[in-house]
Amino acid sequence: MLTAALVVLLLRWGPQQLVELSRVWGEWSAPQQATAVTYVLVVYVLLRSGRGVQRRVSWHLSAPSATALRAGSALASAAMPSAGGSLSLERRARHEAAHVVGFLASGVVVEEVDVRVRPDGSEGRVVAVDNKGLAPVEQAWGYLVGAVAGNVQDLRDGVHDGGSAVDMNTAQSQVWRVISCGVRPAGYDGPLTADALFEGARARAGEVLEQHRSAHEAVAARLVEYAESDSRVPLSGKDFDDLGVGRVPADV
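Mapping of the sequence shown onto our numbering: residues 138 to 389, in sequence order.
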């Protein structure tokens with residue numbers, strides 16, 4: 138311990154400070170010396186761990202975008218009870234189908250769609266990833282619209298159980314992403330504030346679901362059929378190309 142402490146001091150202090158420390162050190166009792174060494178080591182460890190956290194956070198903030206946005210995830214299903222205490226397959230399918238339609242209509246790539254029947258209800262998720270052809274602000278806006286679409290559909294269906302809380306957290310992160318771009322996405326002419334963007338995205342999701350109402354019903358029906366089958370291979374946006382909502386780029 139003493140060796141480690143001295144190494145730290147040599148790295149941090151100059152010769153004059155070390156000479157003064159050696160004088161004071163000789164006047165201290167053994168317990169005082171042990172306490173001083175422990176203190177130095179604790180401070181050293183805290184400084185090291187703090188720098189490590191800072192490096193990790195900075196790396197995530199500056200890393201190239203490769204976002205995989207998960208809306209309506211399995212975690213969300215646990216927080217989405219229906220009035221009967223579990224989430225029905227039909228309700229789950231309509232919720233996830235709204236995410237699919239919202240993402241596809243916004244040009245976002247839907248990589249995976251998965252709905253499962255469980256003993257206590259159902260669960261599902263939609264995984265959306267970046268479309269390389271979209272500008273950053275359009276990508277963030279597309280994520281935002283798709284993320285809130287599930288809740289917009291729930292409310293249209295008369296469901297008011299607060300079950301889209303996880304989706305709302307996901308949407309909030311995309312609101313800040315739009316604001317950080319500093320420009321408005323196409324079709325949105327409101328202010329670049331969190332409240333305005335959130336409400337604008339909800340309005341846009343409502344328009345998309347109304348425009349593609351038949352496609353939404355078709356996606357929901359396919360998800361129910363998929364969930365009731367023995368297949369364990371998740372669907373993707375390409376499985377819904379024929380509905381005319383949006384097409385997955387060929388290079389995805």
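Note that beta-carbon positions come from the ideal geometry of N, C-alpha and C, so glycine has one too.
Bear in mind that the values here come from a model prediction, so they are computed numbers and not experimental data.
Comparing C-alpha distances from residue 322 to each of 275, 263, 298 shows the shortest one belongs to 275. Judged by DSSP secondary structure, residue 252 falls outside any alpha helix (DSSP H) and instead within the beta strand (DSSP E) spanning 246–255.
Secondary structure within the region 262–333: the alpha helix (DSSP H) runs of 4 or more consecutive residues, fully enclosed, are 273–293, 302–318 (chain order).
With a beta-carbon spacing of about 15 Å, residue 277 and residue 342 fall beyond the 8 Å limit used to define contacts.
Per DSSP, the continuous alpha helix (DSSP H) segment holding residue 240 begins and ends at 226–242.
Per the DSSP secondary-structure output, residue 347 pairs with nothing in a beta bridge.
Contact annotation: residue 281 and residue 311 have beta-carbon atoms nearer than 7 Å.
Here residue 258 carries a strand assignment [DSSP, helix/strand/coil]. For the pair of segments examined, the region 230–243 was found to touch the region 355–366: the number of CB pairs separated by less than 8 Å reaches three. Excluding the 5 residues flanking it on each side, residue 279 has same chain C-beta neighbours closer than 6 Å at 243, 244, 245, in chain order.
Pairing residue 352 with residue 380 gives a Cβ-Cβ distance under 7 Å.
Between residue 250 and residue 237 the beta-carbon gap is near 6 Å, inside 8 Å, which marks them as a contact.
The shortest C-alpha to C-alpha distance from residue 319 to any of 334, 252, 298, 377 is the one to 334. Under DSSP, residue 372 takes part in a beta bridge, and its partners are 250. Here the C-alpha atom of residue 261 lies approximately 4 Å from the C-alpha atom of residue 252.
The Cβ-Cβ distance between residue 241 and residue 374 falls below 7 Å.
Separation of the CB atoms of residue 259 and residue 225 is rounded to 7 Å, and the pair is thereby assigned contact status at 8 Å. Burial is judged here by how many other beta carbons sit within 10 angstroms of a residue's own beta carbon; residue 283 has at least 16 and is buried.
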